[in-house]
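Enquirer:
The following block contains the structure:
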């Protein structure tokens, strides 16, 4: 008998491996998309005979959702185990997970060389992959729902679970929703359905009719969820609210159900062994938790493994839930920087296989600062995150073999399955809400922000559903559509960008400055295409107001990414030069860092006219090296960044000590608005300044730290020895976006943050009142998009004769 079964097992092993060998390289899209791939390959067969029945698939789906750990990984392992045994299942697990794990480990080795802001095409590619994944997950949700919905109750559970999943998110929340779904169907099938059915029948029955004899037990569970052995009792019942179609469907599924039961009995875990595995797992878990609580300074590798093991044990809901928990475990202790975490998070979304491979990347980075090889950290992360789910799935096979024919368990699984499918619809929305990846929003924004991503998602949905395009090909096609969008966005603005006319100023002298040409010299991205042109228009207006002439030798204080530098360099011509000084680090800034922007400008056709220095401006001026070459100093929208008015005063004094500098050109927001739609910007700046007073000014990253109006700036300039030569106001173009950015920053502050920063209740009341006023003003204007930037004050300070 054993000799006759050996070829069958070998055949099963070969068959399973043929259906899974490529999944580690092609299973994009996360668990919901993985479920669809597994259904096509093992239930539908994809051109091969079916390996498991629909009922077995639904049971395994429910179990995978009910147990902790990576759901699609557990399901893949369980299917392989049922058909080909433990060794094959272990091999399939490695095939499934190792390619992505190796890729994430490779990323950890090169992360130091990766800029905080990735190359522009990478963001386009990631956004395209995310959009196509949304289409795949949406299709998967619809297909799973068709199988999970067996009656109005399960339809309602799918709806309510999806809605509840959208409204809240916590570690305990998703498993609670799944458990509630199971309890609802259990109570309905065995305690309420028969009673409600008899009550409805009694209300509809004409007076005098005799009630029909009802088999309550058969009536308690819908026919399509009853085990095979229950079918005769249902057919003998004359009434139960189940139509003939359901009875025929049950008969039609008898062979497949029986077949799946036989298959599962070929490769099973004995009950005693399964219980031993489960008990052993919880013994290990308890030991690790005791060590975690008692050791004052555990070795970093042990602490890393315990954290990953704990995450793999308490996580229900897969990758979207594990990410915030892992951030708490590795970023808060300082093992991994927030920057490295966010880069890895953006890239793991585009990797095939389980999202839990993120733990490999984090484990390697956690040991990067020690003498231990990073491969050890990667292995600890891999084992810690995957071991709990795989072990519990294996142990639970023994219990499930006994329980699966129990009618109460069948009812319970019916609700668990429906609630779990509802959460797949939740996953569609969650990825939709963060799928558009941009350098100024590393965590992502809604795909609805650009209509193209809606086109990508819809195209992939229809292509896979109606034209049978393979899922991996559909997702890769979405990535290519993202790259196509990037290429089109590069070309489109150069042809069609409308440049508003510059504001005419009485004091200006005519400079031949081409706004469109200058704007294209800046570093910018397709999704940021309007900002450079609008910013350039404003900077050109300032250059004209200051009367920047050719041949000028300019020292620009607080140059940042070079928004004004590029305009000044264009104005001074080849005979002039601009030196930009900024105290911020080269990795500071968004959507491009200072380092990226400065490197880009230095490579441009006017790069030879520009120099950049990363230093404190006052210290730089006090060094006095070659400063006699400067004749003009410029402070353009940098005063608000300074930590205090004293810093500005000392800057003016340091500039005054350089004899060759004859004038200082200044521009800053005027704290006034000529148009009513600019007042939200004024209020936002004042509110930010009040909040920033309670922070460490040296560590703050806010755009508004010190607020000074025209009179205050002029007073400090005069105190340092300068004289106000001339001044004026510029009303920015409607398209300039500075006001919208600052208003958005204030509205993002929560009451909890304000309460934490500001202890005085009167100050809190003032800030909350200003925030409320901003919110109401924005609402009256029709949204933040209609907020205008406030007026800009400019002046020229001259050295006394």
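Residue numbers (my numbering): -11 to 789. The C-beta atom is built at its ideal place from N, Cα and C for all residues, glycine as well.
1. Cβ atoms of residue 109 and residue 380: under 8 Å apart, would you say?
2. Going by C-alpha to C-alpha distance, which of 34, 132 and 344 sits closest to residue 90?
3. Work out the CA separation of residue 758 and residue 778 for me, nearest whole Å.
4. How is residue 538 classed by DSSP in three states: helix, strand or coil?
5. Out of 3, 16 and 12, which one is the CA nearest neighbour of residue 464?
6. Among residues of its own chain, excluding the 5 on either side of residue 419, which ones have a beta-carbon nearer than 6 Å to its beta-carbon?
7. So, are the CB atoms of residue 574 and residue 602 less than 8 Å apart?
8. By a C-beta neighbour count over all protein chains shown, 10 Å radius and 16 as the cutoff for buried, is residue 237 buried or exposed?
9. Quick one: what does DSSP say residue 630 is sitting in, helix, strand or coil?
10. Can you name, in chain order, every residue of its own chain whose Cβ lies under 8 Å from the Cβ of residue 12, other than the five neighbours on each side?
11. Which residues in the same chain have their Cβ closer than 7 Å to the Cβ of residue 112, if we skip the five residues on either side of it in sequence?
12. Does the region 272 to 280 come close enough to the region 349 to 356 that 3 or more CB-CB pairs lie under 8 Å?
13. In this structure, what does DSSP give as the bridge partners for residue 576?
14. Tell me where the alpha helix (DSSP H) around residue 782 begins and ends.
15. Check the DSSP bridge columns for residue 602 and list the partner residues they point to.
16. Report the three-state DSSP secondary structure of residue 457 (helix, strand or coil).
17. Could you check how far apart the C-beta atoms of residue 761 and residue 674 are, in whole angstroms? I think they sit under 8 Å.
18. Within its chain, find whatever has a CB closer than 6 Å to the CB of residue 0; leave out the 5 residues flanking it on each side and keep chain order.
19. Taking the Cβ atom as the reference point for each residue, do residue 407 and residue 742 lie within a distance shorter than 8 Å?
20. Using 8 Å as the cut-off, can you tell me whether the region 594 to 601 makes contact with the region 555 to 564, which would need three or more C-beta pairs spanning the two stretches below that distance?
21. Taking all protein chains shown into account, do 16 or more other C-beta atoms lie within 10 angstroms of the C-beta of residue 101, making it buried, or fewer, making it exposed?
22. Does DSSP put residue 624 in a helix, in a strand, or in coil?
23. Measure from the C-beta of residue 396 to each C-beta in chain C and report whether the shortest distance is under 8 Å.
24. I believe residue 606 touches residue 639 by the beta-carbon criterion, under 8 Å. Please report the beta-carbon distance rounded to the nearest angstrom.
25. In whole angstroms, give me the CA-to-CA distance for residue 55 and residue 151.
26. Do residue 332 and residue 95 have their beta-carbon atoms positioned less than 8 Å apart in this structure?
27. What do you get for residue 191, buried or exposed, if any count of 16 or more other CB atoms within 10 angstroms of its CB means buried?
28. How close, in whole Å, do the beta carbons of residue 9 and residue 378 come, if the pair is a contact with beta carbons under 8 Å?
29. Assuming residue 785 contacts residue 651 under a Cβ cut-off of 8 Å, what Cβ separation, rounded to an integer in Å, is found between them?
30. Do you know offhand how far residue 37's Cα is from residue 451's?
31. Rounded to a whole number of angstroms, what is the C-alpha to C-alpha distance between residue 358 and residue 74?
32. Buried or exposed for residue 98, please, with buried defined as at least 16 other CB atoms from any protein chain shown within 10 angstroms of its CB.
33. Under 8 Å by Cβ, that's how I've got residue 145 and residue 169 pegged, so tell me the actual separation to the nearest angstrom.
34. Within a Cβ cutoff of 6 Å, which residues of the same chain sit near residue 293, ignoring the five residues on either side of it in sequence?
35. Using alpha carbons as the reference points, say which of 747, 285, 696 and 383 lies closest to residue 267.
36. Assign residue 711 to one of three DSSP states: helix, strand, or coil.
Expert: In brief:
1. no
2. 344
3. 17 Å
4. coil
5. 16
6. 122
7. yes
8. Caution applies to residue 237, whose pLDDT of 39 falls short of 50 and renders its modelled position unreliable; the value that the coordinates give is listed next. So residue 237 counts as exposed.
9. coil
10. 83, 84, 85, 86, 87, 88, 340 and 341
11. 470, 471, 473 and 474
12. no
13. BP columns for residue 576 are empty, so no partner.
14. Careful: residue 782 lies outside any alpha helix (DSSP H), inside the beta strand (DSSP E) at 780 to 786.
15. 570
16. coil
17. That belief does not hold up - the Cβ atoms of residue 761 and residue 674 are roughly 10 Å apart, past 8 Å.
18. 71 and 72
19. no
20. yes
21. exposed
22. strand
23. Structure shown: chain C not included; a single protein chain is present.
24. 6 Å
25. 22 Å
26. yes
27. exposed
28. That pair is no contact at about 19 Å.
29. 6 Å
30. 24 Å
31. 37 Å
32. exposed
33. 5 Å
34. 368 and 372
35. 383
36. strand
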